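Residue numbers (our numbering), protein chains in the order written: chain H, 17 to 824; chain S, 17 to 824.
Worksheet: the structure to be examined is printed underneath.
Protein chains: 2
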Amino acid sequence: MAPREQKGGGGDPEADIEAPLISSGSSFLFQDAACEEDGEGDEEAEQRRNRRRLLNGSLRQSNVTSQVALVGTDVCRIESLDYELIENDVFKQDWRARDRAHILRYFALKWALCFLVGALTAAAAFVANLGVENVAGAKFVVTSNLMLARRFESAFTVFLVSNFVLTMFATVLTVYVSPAAAGSGIPEVKAYLNGVDAPNIFSLKTLVVKVVGCIAAVSASLHVGKAGPLVHTGACIASILGQGGSHKYHMTCKWLRYFKNDRDRRDLVTCGSGAGIAGAFRAPVAGVLFALETVSSRWRSALLWRAFFTTAMVAVVLRALIDICKTGRCGLFGKGGLIMFDVTSGYINYHVVDLPPVITLGVLGGVLGSLYNFFLDRVLRFYNLINEKGQTYKLLLAATVTICTSCCLFGLPWLATCKPCPTGGEEACPSIGRSGNFKKFQCAMNEYNDLASLFFNTNDDTIRNLYSAGTDHEFHLSSIILFFMASYFLGIFSYGLALPSGLFVPLILTGAAYGRLVGMLIGSQSTLDHGLFAVLGSAALLGGSMRMTVSVCVVILELTNNLLMLPLVMLVLIISKTVADAFNANVYDLLVNLKGFPFLEGHAEPYMRQLSVSDVVTGPLQTFNGLEKVGRIVDVLKTTGHNGFPVVDEPPFSDIPLLYGLVLRAHLLVLLRKKDFISSCTASALDASKHFSPDDFAKRGSGKHDRIEDIELTADEMEMFVDLHPFTNTSPYTVVETMSLAKALILFREVGLRHLLVLPKSSKRAPVVGILTRHDFMPEHVLGLHPYLIKSRWKKVRFGKSAFTNFF
Amino acid sequence: MAPREQKGGGGDPEADIEAPLISSGSSFLFQDAACEEDGEGDEEAEQRRNRRRLLNGSLRQSNVTSQVALVGTDVCRIESLDYELIENDVFKQDWRARDRAHILRYFALKWALCFLVGALTAAAAFVANLGVENVAGAKFVVTSNLMLARRFESAFTVFLVSNFVLTMFATVLTVYVSPAAAGSGIPEVKAYLNGVDAPNIFSLKTLVVKVVGCIAAVSASLHVGKAGPLVHTGACIASILGQGGSHKYHMTCKWLRYFKNDRDRRDLVTCGSGAGIAGAFRAPVAGVLFALETVSSRWRSALLWRAFFTTAMVAVVLRALIDICKTGRCGLFGKGGLIMFDVTSGYINYHVVDLPPVITLGVLGGVLGSLYNFFLDRVLRFYNLINEKGQTYKLLLAATVTICTSCCLFGLPWLATCKPCPTGGEEACPSIGRSGNFKKFQCAMNEYNDLASLFFNTNDDTIRNLYSAGTDHEFHLSSIILFFMASYFLGIFSYGLALPSGLFVPLILTGAAYGRLVGMLIGSQSTLDHGLFAVLGSAALLGGSMRMTVSVCVVILELTNNLLMLPLVMLVLIISKTVADAFNANVYDLLVNLKGFPFLEGHAEPYMRQLSVSDVVTGPLQTFNGLEKVGRIVDVLKTTGHNGFPVVDEPPFSDIPLLYGLVLRAHLLVLLRKKDFISSCTASALDASKHFSPDDFAKRGSGKHDRIEDIELTADEMEMFVDLHPFTNTSPYTVVETMSLAKALILFREVGLRHLLVLPKSSKRAPVVGILTRHDFMPEHVLGLHPYLIKSRWKKVRFGKSAFTNFF
């Protein structure tokens with residue numbers, strides 16, 4: 017029985033993350049914030065090649081898939097998170113040393129953090145709304161006044177230039193300051209909660225760019241929403257608070273050491289993402305459900321309660337802030353933005369005769385929603401090809417889209433015929449100022465342009481117009497058709513730009529137009545109001561694209577403040593989701609896939625039942641002795657990218673080789689930096705762990721690493737030894753090599769592991785034969801090793817993956 | 017290396033379940049439906065002793081804790097469920113044989129079952145409401161008419177006798193037909209979803225008794241609710257449908273074989289319990305959240321979508337049924353029962369000045385709620401001492417409580433002074449018939465008795481009265497105080513009777529009175545309506561007793577149909593839950609504990625980090641050879657109660673002993689019954705699994721077992737061999753014996769295991785050293801083995817367990 021003998025198929029390099037991308041030079045290892053270094057010759061070219069491969073799918077076949085992903089608009093190296101409790105001696109001593117006061121402080125901090133996350137997210141949501149209402153409001157006031165004076169060319173110029181400047185501002189900020197802030201951020205948050213970390217997704221820079229960029233992008237009348245960016249904002253706030261401020265800007269708090277691990281950070285980020293939706297829609301219950309249904313991969317019932325507390329704080333703080341604004345101190349922020357769309361109140365009655373149009377609405381909504389996903393996917397792939405050419409191209413793309421959008425918004429209303437103002441309405445007609453249903457636009461006095469009241473408005477106001485009850489005759493059929501078509505495609509073409517942009521509001525808006533359209537076309541038999549049709553249309557399109565059921569349902573209810581619609585909304589959602597699931601996956605899964613995140617699904621693929629874990633572990637395994645030579649550790653760390661190494665006690669320290677546990681790269685680096693070495697290879701009498709405080713081993717913020725290259729060691733030190741025992745996790749999770757891959761995946765995902773040790777079946781072999789990481793469970797990796805499975809019907813049986821994902 | 021050598025601390029009997037209770041006779045094993053056999057000399061005495069021990073806590077110290085529990089009112093043997101996929105050859109062949117049509121049928125069935133669960137639960141909820149409204153309605157009409165005629169004695173007699181008869185009917189039904197139907201059933205459902213099965217909790221008999229008994233109990237004016245029993249009803253319906261009907265009554269469906277396992281059944285039962293709440297309150301979203309927050313121990317996002325579908329079906333079917341009733345074909349069922357309490361509609365405004373009374377309401381609600389739990393716990397312990405004396409005592413107890421209740425309800429209104437009818441009200445005053453706010457009772461014409469409108473009504477109508485807005489002056493302070501006190505204690509004393517009874521409605525009712533009381537006492541500065549205070553009071557008491565946040569919040573919103581109250585309701589809930597958590601655990605945890613279910617908590621106790629799994633595995637381990645003699649299998653099955661046995665390949669079949677997998681008792685019994693033996697101890701050339709269909713191994717319904725005693729084998733057969741390989745699960749989950757107990761618990765619970773194999777650290781020993789089961793993780797067991805931990809501060813640090821459960 018040779019000590020480090022590795023028979024059979026075992027032995028896996030924990031090569032999931034920082035292993036070299038394509039080049040094998042070790043100098044390429046551990047470069048943080050890889051995606052920021054745009055503009056350095058070789059690397060940029062390398063990145064570009066990776067990105068192209070990623071997008072063309074060729075990277076998916078090679079073994080590096082799970083090491084890079086599109087974060088925002090740039091390809092970055094990503095890293096696995098570790099939700100396992102590292103039970104080594106240092107941890108246990110720390111645990112034993114925690115007395116009642118420590119524990120109470122931990123709890124108090126936990127709740128204080130939740131409160132802060134809620135309050136700050138509410139503040140961010142408020143700032144975003146205030147900004148949009150004021151910037152966009154000022155723009156509309158100026159253009160409307162010019163229109164009233166019939167100076168149409170000047171109005172168009174002002175509209176176009178202000179939109180252009182705002183869009184460019186958002187894009188430049190995103191491209192040059194924080195590319196990770198592009199897009200909605202929900203796919204990144206979802207990947208983070210699944211266990212994939214990327215540099216800078218939760219940095220202070222990203223937070224600022226996200227909020228400011230979002231205000232600029234939405235004010236620029238682009239067809240993008242605030243909800244997605246606010247989810248990312250909430251998650252950012254949570255993560256930054258959890259690590260006690262930003263390390264980079266030396267704003268940290270020493271108190272928070274108990275939160276410096278991936279488990280506590282995950283909980284906070286989950287609460288933060290819920291707070292984002294709660295802030296975006298003033299819908300606290302929907303926020304909790306959104307976090308639960310859409311972004312999180314694991315859920316504990318204790319978390320429900322904390323997420324609820326967080327979103328309740330959002331609601332309370334938002335209400336207080338809005339109360340302050342009621343005195344008129346918030347500029348143009350008045351009845352827009354955050355004010356709920358409680359416009360369809362009053363008793364709603366519905367009958368069997370209403371069912372056919374509602375069911376049709378659901379079915380078509382499902383089709384339109386899945387088409388939306390399909391088009392979005394195509395457009396994003398195309399945009400990525402442009403974006404990867406360089407920063408200038410990103411700016412050009414954004415410029416093109418904003419100019420087209422402005423032309424659409426200003427040009428299309430001219431197609432509408434003017435309608436005479438209704439008599440006896442409460443509202444001023446034509447409306448003066450920025451809000452109101454009756455935009456005058458080019459019409460004569462006492463007439464209004466119905467299309468302008470849709471196009472020439474902030475998205476929130478347009479939704480309110482469409483949702484409003486008793487307005488069945490305010491809109492022409494042709495206007496609604498035109499608006500629906502324009503809104504559908506503007507939404508698709510606006511999402512992929514290099515600026516913060518959400519999908520929620522465009523979908524709600526397009527859905528509202530779609531609902532009114534259906535109501536106009538086939539709702540004549542029905543007793544339902546067209547405003548109600550608009551609400552149901554939003555539900556149908558959200559259900560068809562995002563496939564969230566419970567949270568969308570509650571969002572709609574909280575937005576419209578009418579619970580009597582519940583059965584209808586549920587019906588529409590169920591129909592549209594079911595129809596859409598037959599075609600493709602939900603939009604967030606598509607985005608996560610497109611971005612190349614190694615997402616661990618909750619269920620195992622059928623072919624995984626055919627394989628045992630020994631079929632997928634590959635490569636030579638690096639293990640350390642309980643007492644290891646410093647030189648060897650340095651050597652191994654420099655030549656491999658692995659993050660965990662089994663520690664094996666070998667003769668003469670034990671009779672036979674015995675698995676002692678697993679030691680992490682991060683912990684080894686701490687040991688090497690402290691240089692607490694022993695001179696001879698004998699069991700040390702001293703407890704080495706006493707020289708370390710648990711703070712030394714605390715996990716730093718997202719994407720921050722020590723690097724082996726930064727540690728200088730003399731030749732003498734390289735010959736010394738280090739006792740790894742006190743720093744080794746003695747309770748790693750293990751599977752036997754004959755375990756089926758499907759069941760190992762369940763263990764890996766449910767417990768939230770980064771490393772899963774593979775033990776030999778026969779006791780004659782080395783005590784550990786490999787390590788499974790996230791990478792080893794990726795379908796690309798598994799099917800790459802066993803290509804025959806691609807052809808077997810175990811793969812093909814997965815027709816309509818999305819449908820099956822949900823059915824299982 | 018001797019084959020079955022068991023060194024060290026390993027080796028655990030999987031003694032969790034069917035092992036003898038106290039007697040060690042093997043004849044005592046595997047008696048199904050043990051709790052039904054009331055009235056047989058020895059066993060009854062044994063049961064009584066067990067129960068006493070269970071209740072006095074002495075059983076908790078001994079090793080049999082996790083084998084018996086109070087189900088309904090009787091002590092029953094319980095059993096672990098197994099959510100692991102048993103990957104043996106039979107399963108794999110079955111899996112391989114499933115083609116597209118099979119998979120589609122499986123999906124179609126899954127959704128069809130959800131639809132049926134929803135529709136049938138809605139029907140059950142409707143029947144329950146219809147029954148209560150008609151039975152209780154008839155009773156109130158008769159008594160009210162007698163009161164109008166001033167024949168007070170006759171009215172009292174009718175009231176008392178009808179209540180008595182109804183209560184006795186419910187109790188006799190429960191005691192003699194299905195004792196498992198007693199109580200709310202939520203603790204049983206919660207335990208089931210945590211992995212503890214009990215005989216008869218989901219039988220057809222229980223279902224019928226639950227619905228009928230619930231109608232009788234609620235109609236008897238007992239202070240019990242319909243919601244809890246409906247949750248149990250929904251779970252029953254789901255379980256019965258999932259096993260394809262009732263085996264006992266030969267109503268089964270062959271189609272459902274894919275659902276005959278604990279995983280699919282768990283999903284269905286989860287949906288069913290959500291449907292129960294959805295049906296009870298016509299609150300579909302709250303139903304989903306209740307299932308998620310309160311009853312389920314594990315949750316997958318796919319389940320959210322199915323639960324949502326189920327509760328949506330409940331809402332749709334209920335609406336259709338109520339529409340049918342609108343034509344007046346449902347007797348007295350009119351505006352009562354299921355009709356939502358949408359009485360506080362209209363715009364609600366609140367200001368800073370409202371905060372002090374609302375916060376006080378929350379704090380006091382928390383205190384009252386935890387006191388409620390405390391009293392309930394004491395009263396239940398006392399009741400259990402009475403109940404265990406025999407069936408007659410159960411009847412006597414119920415009789416006593418119903419007589420006292422009737423006297424209270426009829427007697428207390430006499431203390432109130434008559435109030436003159438308000439002028440200009442829309443409602444008739446005094447109200448004639450059964451509903452309405454203005455009961456005349458003993459008063460003169462044009463006067464009403466405010467206390468009678470609370471006491472002398474169905475619970476649902478009383479809640480509506482208390483919630484109604486604009487009624488600030490309808491009630492005397494003294495009436496509300498009296499009603500609150502009576503309601504609080506009647507609720508506590510009514511729950512433990514041997515009949516179906518829920519806790520929800522009494523808490524809502526008491527809370528409503530409490531809220532009005534607070535509003536009257538300190539709400540004078542506030543602008544809030546007393547009806548709104550009543551709603552908030554319900555939230556406060558529910559939050560204080562049940563500690564559910566999100567689901568209670570949504571229940572309240574869906575009941576009152578007013579989303580504008582959301583921030584206030586959230587605030588009250590958060591305060592009351594936080595306050596109450598400082599005192600004791602939530603009411604369901606208390607009940608689960610009191611009933612003695614071996615509930616696996618989601619978090620590990622601190623002292624578990626100090627122990628490794630080898631510290632808790634006990635007793636000799638029984639393993640089988642890959643080719644085992646029939647006689648030995650029979651012998652082991654007869655002498656032990658274990659449910660899983662490791663299969664080890666030993667020389668000469670392999671070089672050294674190798675762990676092959678785990679075989680289940682249930683599967684061994686199938687093998688023995690089929691008698692597919694081989695004559696010699698050589699590897700069989702034939703694939704034995706071909707003689708079996710997967711149906712043979714399907715798990716039967718709750719609490720149904722084969723028994724080893726029923727299998728007759730000849731002496732020749734006993735000398736033959738059986739090849740266990742095709743029937744052995746080759747992918748059991750394993751841990752190394754040095755694994756910390758806390759981390760093993762996380763694996764055990766997250767993956768939903770019944771057996772967890774313990775592997776040796778050193779390869780010199782036997783390939784498996786023990787099995788961990790649910791029993792081994794129970795604090796009683798662990799602390800029994802290591803009593804010094806009780807005194808260590810690892811135990812003590814758990815002050816206020818409930819608080820910590822939630823904080824972690």
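Where a beta carbon is used, it is the ideal one built from N, C-alpha and C, also for glycine.
These numbers were taken from a predicted model, which means no experiment stands behind them.
{"Item": "Three-pair Cβ contact test at 8 angstroms for the segment 85-92 of chain S versus the segment 734-752 of chain S", "Value": "no"}
{"Item": "Whether residue 739 of chain S touches residue 643 of chain S by CB criterion (7 angstroms)", "Value": "yes"}
{"Item": "Extent of the continuous beta strand (DSSP E) to which residue 750 of chain H belongs", "Value": "750-752"}
{"Item": "Same chain only: Cβ atoms within 7 angstroms of residue 525 of chain S, ignoring 5 sequence neighbours per side", "Value": "475, 478, 479 and 503"}
{"Item": "Below-7 angstroms beta-carbon distance, residue 750 of chain H vs any chain S residue", "Value": "yes"}
{"Item": "Straight-line Cα distance separating residue 204 of chain H from residue 621 of chain H", "Value": "23 angstroms"}
{"Item": "Cβ shell of residue 100 of chain H (< 6 angstroms), same chain only, five flanking positions each side left out", "Value": "769"}
{"Item": "Rounded C-alpha distance that separates residue 428 of chain S from residue 473 of chain S", "Value": "13 angstroms"}
{"Item": "Under 7 angstroms from the C-beta of residue 766 of chain H: neighbouring residues of chain S", "Value": "766 and 767"}
{"Item": "The segment 209-221 of chain S touching the segment 483-501 of chain S, judged by at least three CB pairs closer than 8 angstroms", "Value": "no"}
{"Item": "Residue burial classification, residue 728 of chain H (beta-carbon count within 10 angstroms, cutoff 16)", "Value": "exposed"}
{"Item": "Coil, strand or helix - residue 74 of chain S by DSSP", "Value": "For residue 74 of chain S, the pLDDT reaches just 40, beneath the cut-off of 50, and the residue's location in the model is therefore unreliable, although a value from the coordinates is still provided. Helix."}
{"Item": "Candidates S:683, S:673 and S:712: closest to residue 779 of chain H by CA position", "Value": "S:673"}
{"Item": "Residue 555 of chain H beta carbon less than 7 angstroms from that of residue 589 of chain H", "Value": "yes"}
{"Item": "According to DSSP, residues forming a beta bridge with residue 745 of chain H", "Value": "H:678"}
{"Item": "Inter-residue CB distance, residue 795 of chain H and residue 212 of chain H (contact presumed, cutoff 8 angstroms)", "Value": "That pair is no contact at about 15 angstroms."}
{"Item": "Touching by the beta-carbon criterion (3+ pairs, under 8 angstroms), the segment 756-771 of chain S and the segment 634-649 of chain S", "Value": "no"}
{"Item": "Between the CA atoms of residue 675 of chain S and residue 93 of chain S - distance to the nearest angstrom", "Value": "32 angstroms"}
{"Item": "Chain H within 7 angstroms of residue 805 of chain S, Cβ atoms only", "Value": "no"}
{"Item": "Residue 832 of chain S, enclosing beta strand (DSSP E) - first and last residue", "Value": "Examination of residue 832 of chain S is not possible in this model, given that chain S is present from 17 through 824 alone."}
{"Item": "Test: residue 763 of chain S CB closer than 7 angstroms to a CB of chain H", "Value": "yes"}
{"Item": "Delimiting residues of the alpha helix (DSSP H) encompassing residue 559 of chain H", "Value": "546-561"}
{"Item": "Contact check, residue 723 of chain H vs residue 96 of chain H, beta carbons under 7 angstroms", "Value": "no"}
{"Item": "Contiguous alpha helix (DSSP H) assignments of at least 4 residues, all confined to the segment 215-274 of chain H", "Value": "220-235 and 243-258"}
{"Item": "Any C-beta of chain S under 7 angstroms from that of residue 167 of chain H", "Value": "no"}
{"Item": "Pairwise C-alpha distance: residue 383 of chain S and residue 545 of chain S", "Value": "23 angstroms"}
{"Item": "Neighbour-count burial assignment, residue 115 of chain H, 16 or more Cβ in a 10 Å radius", "Value": "exposed"}
{"Item": "Rounded Cβ spacing between residue 323 of chain H and residue 304 of chain H (contact assumed at less than 8 angstroms)", "Value": "5 angstroms"}
{"Item": "Contact the segment 569-588 of chain S vs the segment 325-343 of chain H: 3+ CB pairs below 8 angstroms", "Value": "yes"}
{"Item": "Environment of residue 120 of chain H [buried if 16+ CB atoms lie within 10 Å]", "Value": "exposed"}
{"Item": "Residue from S:628, S:511, S:757 and S:464 whose Cα sits closest to the Cα of residue 200 of chain S", "Value": "S:511"}
{"Item": "C-beta contact flag for residue 290 of chain S and residue 253 of chain S at 7 angstroms", "Value": "no"}
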